[in-house]
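To start, the structure under review is shown below, and the notes come after it.
Protein chains in written order, with the numbering used here: chain X, 7 to 107; chain L, 1322 to 1873; chain F, 10 to 178; chain G, 35 to 816.
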């Protein structure tokens, strides 16, 4: 049974599910960022899979850009987390909820 | 008949008060600059006001001097397009009827102006005399009123007439409201006083002028094409001369019925009611006594002397000139209401306790003659009606000034409260007696000419009912004599009421207004010819426009 | 060309490896375990790229993600979790909601996957040159913009990390 | 009947006759007070007498030129057009024909005399100047009335004299009842004037609308309202429209026009008759006939010269002059003439009956004036116009003399007017007594006195008249007039004897206070209705009554000294003498034809009434009957004289007192009724005065409550409506808006809880949202 596009999509879907799960349920801010990474990778995987199956190279170029942006995003996010950590001595996301109503 | 501007004299007459007005305003504006004291400003505004009304009166006489009484078409025309989009022109001109009213306005306003001067020091402080209160404002409104009235009589454009009609209304409200009597509760608990009367007067007349506005618009849209002052062609017109010509060609008869009622009838009634309130005619007269009782003396002089005439003038100029068939159709109604005015007014006078209210109701009665004269539509009746307007315009100011004389001194107008005043104020008694005689129509004085002509004309009217109406209204001659002499008796004759020990006879300001009016009354009673010449041509043309068989 | 069965077997192995690692990232109670699991997941994904013959991408994935970001995350974990107690500071909460969400998304993925028509597989051709051309040809503008973004992120991260002169407010 | 075309000869000075008194009035009105203060009475009465005297001279001059002019000419003086409108041409023009000539002479002559008299009578009156100003004004008005050329100008004089009588009656206005009397006179006159003006209007309208030429085609019937139905085509030329007497007379002389107007009737009555009746109503108002006579007795409140001038000689005769002037109208309608004559006769009798019992000397004279005027109206009623005017002239003389005599008596007795407090003045005031007696003789009709000639002629003309529609023609009139004549002579001599004979009963001297007081007391408690006896049986009986004096005279003191009445100053007595002489000799101007002597007066007035002489028919009685009647009237005169003499001379006979005191209810009742003037005054007062007051009060109340109420109601309704609208606005419209606001706010607060601040919750939300979108897209696509 040849490996077609659906298989890749399933993989990225599961990856996406796990990433979301991590974001939603993790208390630790860094864990949330990890979840974000997973979701991003799911997306890129999809891009590449589609570029492979029918799409031109665009998918891969986008994936490239995607990787770069993910890097930038991670850097900034971690800087913020560090600041939060420095300010509160903890990175518990559920505690940092002063901005509520 | 060409309607191009041919003289500015009339414009000067109408707008001289406006010049006086602006002079006072300028004075007020410059006051801080010139560092004038309040006293100086008062004196100056009185002087300006007096000068303006004197000028207006003089110009009025000048108008009469070179008025050509041989023709009935308009003279001293000043006409230019005012609002092009609505074909409204500033068109003023004078024919016999308007001129008589303009001259009368000049005279009465002059008398009113003199009567508004303070009392030369005889004023006691706990009764603040109206002529010392807010003087510049008083004179501004006074001159505005004069301009409004002169404009009303001079305007030959329906819209302009309506504008001046409203201009005339506004200052009157303030003059009665502010300078009138303070608000008080009369014996049966109803609030009366200057403000109440002013509001009642204003709303009442405004209701009337609303009706007139509707009629004005209806007429405009039913009118035919006409040329404007600048030569351009207009679809409709407000111009009175054109409207009259078109009316006589039957344009309004062909106009569509409104609400199922023929056009002529409904517009006629609307306009008539607007004017009837001002006359005042029977059911709409209750504002007059209140307005007179609570207005200051010069204002009730002007109110009785002139403003009542604007109503009648309106009926002659609009109802009779544009809708002659309307007058014929409503002749019975006007006649009967006129007679009710006469007899009802006379009887109600008999029961009045307040001198000014009595004179007010007597005005209602005397204006009834004008209505009867208008309804009868014969040359004598119409001339009598106009003459009654003029003679009443001279006699009633005299009466109100006289009422003012006693009010300024005794601060009460209750007839029963006086008694034997002749002992203290002989000259005042003589003059009041003279005025009463003139008002009750003693032959040889002004009142009689109007009355006898109306009676004679109405008696000779085509329709039999007028003979009955004259017989009934002649009854008022007796009742009028009754209430005037009874008043004379209660106030002046009989034993002296020592409460009035402090009263003193007339001072120069009062004599200055009363004696000229008295002389005028005698002249108008004995030698009415010049006034007849003035109004003869106009009335002939009005009658000539009557449908066949009516002109008596 | 190698036998299709073998290639399928390779694919499945890669997929399973990646997903298990991802499962560790999401579900592990220990933050450090998660960090290392992240390493593995990223590594798996790079493999998949290779399988998809996207060779440049696989390499870049290895360089940027595995080399750079995961190390950075590790740093962050080490910096922030040492103080308040054991490294197990990775408690989960609202588990129920999360599982439901996961299952729903997974189901949606399955459905979407099956619905998508499998396009024809293009030839496994080295793509680096083509990507290079594309980067400096059609995609020159995004290329430049990305560089600006990177610079901004760099500067931002540095200022954030250094904190404020007067201490944090 | 020869047609006399009136020739107008211009006499430019004619307008001075009325103008001079006017100047006098104005002069005194303006300058009088000052002149009196500075120069005393003379400065006032000199101009006041000169001006009327001047107008007397001019009227005499005009009278003489008139006499010289051919028949039918009249002096004319046109001043200016007063009311020239349409076909009405009333202008200010004076005309003196023979009739108005006589009237002008009488007015100016008697007037001037009375002015002279007043200088004495009003000597110590503070408002001396005002009195003379009013008198001059009255002369002006009367002369305008007499010389007026048309109805309207006459009407000016007509009301002018009404005004002056008002001013003069309430001259002493300080007393309330004198002022009220003046007012009553004016208002009652005004009622008469109303009738007069309506008559003028009706005539003017009648002339204007009656087609002159008989209509050609149709029946030419004039419908009930008198509207000319005649020619449907062009308006038929009317009879002509004028208010001038001579023009109307000329119109009515044309037989065709006359028939057109005569057979025209309005409201069922003949037009001419209605006009005449209305004009006669004016006459009754002015000349105090039934029913409008009530003002004259009250007019006695004025000073006596006023009563003499206005209420005896001049003003009250205006009605008679008017009827005479309009003889061309009255002769056209026998019905109107009958009414005039009968009203005159009835008034004569009615007034005479009241006069019998009056105690106030001026009231007696007032009722006698009303009665004599009744006689004049009988004369003009039966068409004997010149007799009416003749009696008017002679009456002017002797009545003025009587009034002035009573004036000097009153002044003598210190303003006492009650005859019961006088008596015995013959000795104290000889001249007044003499002139009074002569005048009484004249009015009673003693032969060879002026009254005899004029009154006897009236009786004869009444008896012999053919115009009267009453059954038996003039007979009834004659009977009534004869009885009235008897009454006249009785009450006149009663007043003479009560005043001049016997002892002076006045509160004369201080010395005899006791008697005076007793006497005064006696007088005081005697209220009016118990003092006079009255002959119970019927009007015809020889009425004699007992003066109150009788029972007192017995023990009266011998006339005390001190303030006894003294003869009046020469100014007054000289006038009395002149008038007395005229009362005696005035009659010789109009001697009866019976005696074959030339009747100057009738000849003088004949041309004026020539145009209608043919319509005045006589019953055709011969000279024999005339002699008999003359004899009868002499008997009547002396009968009245002797009866009065017996009963009242020196207060001797007890009959009057006994009759008054008699118990019989009938006598008491009738006496009280007659003494109180048949309660006519009270009836008028109640019906008209009170009635109009009640009506006016009701109307005033209705006006202020209902009509004003409606206006205020409109105001309150407006306010209520606007309040209602305000409430609606506040509750509904506003309410809705607030509702919306509240809903949103509530929703907002609930939504707020979603912002938990936890990032994962947001991500979860987003994920779910995305998931939902995918599902939706899938579903839609599927």
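Where is the CB? At the ideal position from N, CA and C, for every residue including glycine.
Taking 8 Å as the cut-off between beta carbons, the residues of the segment 788 to 806 of chain G near chain F are 794, 798, 801, 802, 805, in sequence order. Interface annotation, residue 137 of chain F: not in contact with chain X, CB-CB separation never under 7 Å. CA-CA distance, residue 153 of chain F to residue 71 of chain X, rounds to 11 Å.
No Cβ-Cβ contact shorter than 7 Å links residue 1626 of chain L with residue 1423 of chain L.
Beta-bridge partners assigned by DSSP to residue 304 of chain G: G/299.
One thing to note: residue 493 of chain G has its Cβ within 7 Å of the Cβ of residue 515 of chain G. Secondary structure at residue 1556 of chain L: coil, using DSSP grouped into helix, strand and coil. In terms of beta-carbon proximity, residue 93 of chain X stays away from the interface with chain G, with every pair separated by 7 Å or more. Going by C-alpha positions, residue 171 of chain F is about 11 Å away from residue 86 of chain X.
Contacts with chain X at 7 Å (Cβ-Cβ) do not include residue 41 of chain F. In chain order, 1766 place their CB closer than 7 Å to the CB of residue 1843 of chain L, counting only its own chain and leaving out the 5 sequence neighbours on each side. Cβ contact annotation for residue 445 of chain G (same chain, cutoff 7 Å, sequence separation greater than five): 155, 602, in chain order.
Exclusion of the five residues before and after residue 163 of chain G leaves 62, 66, 67, 70, 78 as the residues of its chain whose Cβ lies within less than 6 Å of its Cβ. The DSSP-derived three-state label of residue 1391 of chain L is coil. Look at the segment 1656 to 1685 of chain L: the residues with a C-beta under 7 Å from a C-beta of chain G are 1665, 1668, 1669, 1671, 1672, 1673. Considering only G/353, G/307, G/339, G/343, the residue with the shortest C-alpha distance to residue 317 of chain G is G/353.
Counted as a single uninterrupted DSSP element, the alpha helix (DSSP H) harbouring residue 1780 of chain L occupies residues 1767 to 1780. The Cβ of residue 84 of chain X sits no closer than 7 Å to any Cβ of chain G.
Closest by C-alpha distance to residue 1636 of chain L, out of L/1840, L/1454, L/1863, is L/1863. With a threshold of 7 Å between beta carbons, residue 47 of chain F makes contact with chain X.
As DSSP reads the structure, residue 129 of chain G sits in a beta bridge with G/110. Around the beta-carbon of residue 789 of chain G, fewer than 16 other beta-carbon atoms lie within 10 Å, marking it exposed. Residues of the segment 723 to 744 of chain G whose Cβ lies closer than 7 Å to any Cβ of chain L, in chain order: 726, 727, 729, 730, 731, 733, 734, 737, 741, 742.
Against chain G, the CB of residue 113 of chain F has a partner CB under 7 Å away; the residue lies at that interface. Contact check for residue 324 of chain G against residue 381 of chain G passes: the beta carbons are separated by less than 7 Å.
Within the same chain, and ignoring the five residues on either side of residue 1554 of chain L in sequence, the residues whose Cβ sits closer than 7 Å to its Cβ are 1546, 1548. Residue contact check for residue 42 of chain X against chain F: no CB pair falls below 7 Å. Using a CB distance cut-off of 7 Å, residue 771 of chain G does not count as an interface residue toward chain F. Contact between residue 129 of chain F and residue 40 of chain X fails: their C-beta atoms lie close to 36 Å from each other, not under 8 Å.
Interface flag for residue 153 of chain F against chain X is unset, since no Cβ pair is found closer than 7 Å. Residue G/165 holds the alpha-carbon nearest to the alpha-carbon of residue 205 of chain G among G/243, G/228, G/165. Scanning the segment 51 to 94 of chain F from its first residue to its last, the whole alpha helix (DSSP H) runs of 4-plus residues come out as 64 to 69, 79 to 90. Between the segment 283 to 291 of chain G and the segment 182 to 199 of chain G there are fewer than three inter-stretch CB-CB distances shorter than 8 Å, so the stretches are not counted as touching. By the rule that beta-carbons nearer than 7 Å mark a contact, residue 54 of chain F touches chain X. DSSP places residue 1737 of chain L in no beta strand (DSSP E); its state is neither H nor E. For the segment 353 to 419 of chain G, not one full-length beta strand (DSSP E) segment reaches 3 residues or more.
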